[in-house]
Amino acid sequence: MEAGLGWTDDRVALLRRLWEDGQSASKIAAQLGGVTRNAVIGKVHRLGLAGRARGADEAPAAATPSKIVEIETAIAVVETQAPEPVAILSHRPAPEFPAAAPAKEPVAIPVSQRVTIMDLRESMCRWPLGDPTTPEFRFCGARSITGLPYCTHHAEIAYQPATERKRDRRVASFR
DNA sequence: CCCTGATTCGC
DNA sequence: GCGAATCAGG
Numbered sequence: 039m040e041a042g043l044g045w046t047d048d049r050v051a052l053l054r055r056l057w058e059d060g061q062s063a064s065k066i067a068a069q070l071g072g073v074t075r076n077a078v079i080g081k082v083h084r085l086g087l088a089g090r091a092r093g094a095d096e097a098p099a100a101a102t103p104s105k106i107v108e109i110e111t112a113i114a115v116v117e118t119q120a121p122e123p124v125a126i127l128s129h130r131p132a133p134e135f136p137a138a139a140p141a142k143e144p145v146a147i148p149v150s151q152r153v154t155i156m157d158l159r160e161s162m163c164r165w166p167l168g169d170p171t172t173p174e175f176r177f178c179g180a181r182s183i184t185g186l187p188y189c190t191h192h193a194e195i196a197y198q199p200a201t202e203r204k205r206d207r208r209v210a211s212f213r
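The first sequence begins at 39 in the working numbering and counts up one residue at a time.
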């Protein structure tokens with residue numbers, strides 16, 4: 039069963055919270071996953087939430103999300119998509135990934151640019167790092183492979199061939 | 001070039 | 001209802 043995409047009550051609720059919290063459509067889309075910013079904007083309008091920052095003067099404020107929303111969002115994201123990249127793809131052909139990739143570069147983990155959910159962009163690796171219930175929660179943030187949500191390093195972990203995965207190795211813990 | 005939301009309109 | 005394409009702008 040595919041993850042129930044589409045505007046489920048859950049997703050609409052999250053969309054509402056984030057939009058009202060001042061988040062941009064693209065960031066909300068990135069957090070929801072499976073939708074583009076256009077989809078988010080379209081939905082926002084249909085819900086009648088558009089033109090939030092209206093007034094005598096616009097409030098281009100970067101709108102720093104409340105700590106609560108930030109954490110709740112991180113949790114929601116992990117619960118709906120991050121926890122089982124392996125399981126999700128387990129029944130798919132799995133993209134053309136050289137299971138036995140050519141000699142890897144000396145680079146191991148791109149921990150150098152960890153980012154918070156607020157700075158996560160479409161082109162950034164969404165591999166979760168740390169405990170989503172804490173403010174220290176971050177995402178890998180490295181350059182993701184075009185068309186995929188993870189960087190080369192994490193994609194290897196996420197899209198392991200079923201044969202090499204066995205039943206253990208879980209998600210190799212979020213490191 | 002990066003980004004923002006708004007609108008249109010075929011599906 | 002949905003969202004890609006497009007527009008208009010920062």
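Positions of the beta carbon are idealized from the N, C-alpha and C atoms, including for glycine.
Please report the straight-line C-alpha distance between Leu70 and Ser62, rounded to a whole angstrom. In this structure, the CA atom of Leu70 is about 12 Å from the CA atom of Ser62.
If you draw a straight line from the C-alpha of Arg54 to the C-alpha of Gly80, how long is it? Here the C-alpha atom of Arg54 lies approximately 13 Å from the C-alpha atom of Gly80.
Just verifying my parser: in three-state terms, what is the DSSP assignment at Arg55? Arg55 falls in the helix class under three-state DSSP.
Three-state secondary structure (DSSP) at Leu70? In the structure shown, Leu70 adopts helical secondary structure according to DSSP, grouped into three states.
Residues bridged to Val82 by DSSP? DSSP output for Val82 lists no bridge partner at all.
For Cys178 and Ala196, I'd like the C-alpha separation in whole angstroms. Taking the straight line joining both Cα atoms gives about 13 Å.
Taking the alpha-carbon positions, what's the Ala216 to Ala200 distance? Here the chain comprises residues numbered 39 to 213, so residue 216 is not present and cannot be evaluated.
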